Structure formats: structure tokens, C-alpha cells
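Worksheet for the structure shown next.
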Amino acid sequence: MNLGLFVLLLMAPILVYGGYMTNRGRKHERERRHSRVPR
Amino acid sequence: MEIVEVLVEFPSGMVISDRATYFPEIGQVQPSERLVFIFERLTESEAPPTVTVLLAGSEVRADVRVDGNFEVGPLEAGSPTHQPNILQRLFGHDWTRDQRQQFGRLCHSFTVVSLVGAAGIFHSATTWSAGELLTEAALIFAVVITFLLGMNSMNGD
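Chains as they are written, first to last, in our numbering: chain A, 10 to 48; chain B, 4 to 160.
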């Protein structure tokens with residue numbers, strides 16, 4: 010198998026998982042920091 | 004009764020970290036007097052904060068009572084007897100800022116190895132066949148993607 014594609018295939022699940030968890034964690038942290046209670 | 008970590012986060016971005024006393028029998032956390040004092044002064048000018056209590060290694064949201072104590076919510080997720088399965092451990096909690104930054108560093112490690120691989124192939128290739136071109140393109144693609152993802156993951160937020 011082509012080396013470059015092999016590298017991409019190996020990294021893809023790690024990158025997708027990391028990207029998903031990063032965005033989710035950031036979103037939840039933002040929601041927690043900014044309370045929905047109006048000033 | 005036990006001593007727990009308390010995190011008070013105001014919408015303006017101010018975060019106060021302190022220790023408090025947790026009374027499990029009544030499900031309440033009694034903050035220190037200095038925290039109550041700061042809390043009262045800040046609530047005059049700030050929107051209500053969110054209070055998080057670290058119980059048995061888990062973050063639990065707490066509500067502020069009128070007497071100044073914090074009331075913790077349901078403890079199922081934070082209970083030490085609760086054993087999450089592998090999927091819950093992987094996806095059931097949100098990554099902290101430290102975890103996001105570590106992931107960013109991992110991405111940049113991938114960037115470096117992909118860059119080294121691309122440079123090595125570029126200098127070692129004698130003839131540029133379709134396979135070698137594809138390898139080079141895939142490695143350069145990996146360099147760009149991992150670099151951007153790493154930067155996004157460690158942008159300080």
C-alpha cells in the first residue's frame with residue numbers, strides 16, 4: 010500500500026476523534042462559562 | 004465531611020478556584036468565608052456565576068443557595084461506585100483545556116514526522132512515478148491537516 014495513504018489512514022481516526030472531542034469540550038466549556046441567566 | 008475543590012466561573016471570564024467543605028449527608032458544600040465575601044461583592048456587578056465542585060474526581064455542577072452554601076446536583080456521574088464502560092470513558096466526558104492542548108501537541112508531532120517523511124521521499128526519489136507523487140501529495144496533505152488541527156486545538160480557549 011502507498012505509504013502516504015497508509016499514514017493518512019492511520020491518522021484519520023485519531024484526528025477525527027480528537028477534533029470531535031476538542032470542539033465538544035470547547036463548546037461545553039463555553040456554555041458553562043456563559044450562564045443563560047440574563048443580567 | 005471532606006475538603007473539595009470548588010471552581011467559580013463568571014461569564015466575564017473570571018475564574019476563582021478554592022477549597023470548601025463538603026457535607027455528603029445533606030449534599031451541600033460550604034465555601035470558605037473569603038469566597039463568600041468575594042462572591043457577594045462580585046455578584047453586585049457580575050452576572051451569576053456557575054459553580055463546579057470536584058467530587059471523587061468528577062466535576063459536579065452546584066447551585067448557589069440563599070444562605071451562601073452550594074447545593075450539588077445528582078451524584079450518579081461523580082459517584083466513586085460508578086464504573087463507566089470504555090465508550091463512556093472515551094466519549095462520556097468533555098476534554099479539558101489541558102487535554103485539548105495535549106492533542107494539539109500530538110497533532111504537531113504528526114506534522115513533523117509527515118514533513119520529515121515528505122522531505123525524505125522528495126530527496127530520495129530518482130524517478131517521479133505516479134505512486135511516488137501520490138505518496139508525496141498525501142504526506143504534504145497530512146502536514147497541512149495536522150498542523151491546522153493542532154493549531155485549532157491549542158488556541159488557548
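For glycine and all other residues, C-beta sits at the position ideal for the given N, C-alpha and C.
These figures come from a predicted structure and were not determined experimentally.
Item to check | B/D70 (DSSP reduced to helix, strand or coil) | outcome: coil
Next on the checklist: Would B/L142 and B/G120 qualify as a contact pair, given that the criterion is a beta-carbon distance under 8 Å?
Outcome noted: yes
Next on the checklist: One question on the structure: do B/A65 and B/P14 come within less than 8 Å of each other, judged by their Cβ atoms?
Outcome noted: no
Checklist entry - Going along chain B in order, which residues have a C-beta closer than 7 Å to the C-beta of A/M10? => result Within chain B, no residue comes near A/M10; the closest Cβ sits about 10 Å away, beyond 7 Å.
Checklist entry - Among B/F73, B/R103 and B/V146, which has the Cα closest to the Cα of A/E38? => result B/R103
Item to check | Extent of the continuous alpha helix (DSSP H) run through B/F125 | outcome: R100 to S127
Checklist entry - When you compare only the Cα positions, how much space is there between A/N32 and B/V75? => result 27 Å
Checklist entry - For B/Q105 versus B/F73, is the C-beta spacing smaller than 8 Å? => result no
Checklist entry - Does DSSP classify B/E35 as helix, strand or coil? => result Note that residue 35 of chain B is Ser in the sequence shown here, rather than Glu. The answer is coil: DSSP assigns B/S35 none of H, G, I, E or B.
Checklist entry - Taking Cβ to Cβ, would you say A/V25 is nearer than 8 Å to B/A145? => result no
Item to check | Spatial distance of B/S117 from B/V147 (CA atoms) | outcome: 9 Å
Checklist entry - Who are the Cβ neighbours of B/G81 in its own chain at under 6 Å, not counting the five residues just before and after it? => result Legend: pLDDT at B/G81 = 47, less than 50; position of this residue unreliable, value from coordinates given subsequently. Cβ neighbours of B/G81 beyond the five flanking positions: L58, A59, S61 and V63.
Checklist entry - Which residues in the same chain have their Cβ closer than 8 Å to the Cβ of B/A122, if we skip the five residues on either side of it in sequence? => result none
Next on the checklist: Let me make sure I understand the geometry here. Which of B/R92, B/M17 and B/A140 has the alpha-carbon closest to that of A/G13?
Outcome noted: B/A140
Checklist entry - Within the 8 Å Cβ cut-off, does B/F144 reach chain A? => result yes
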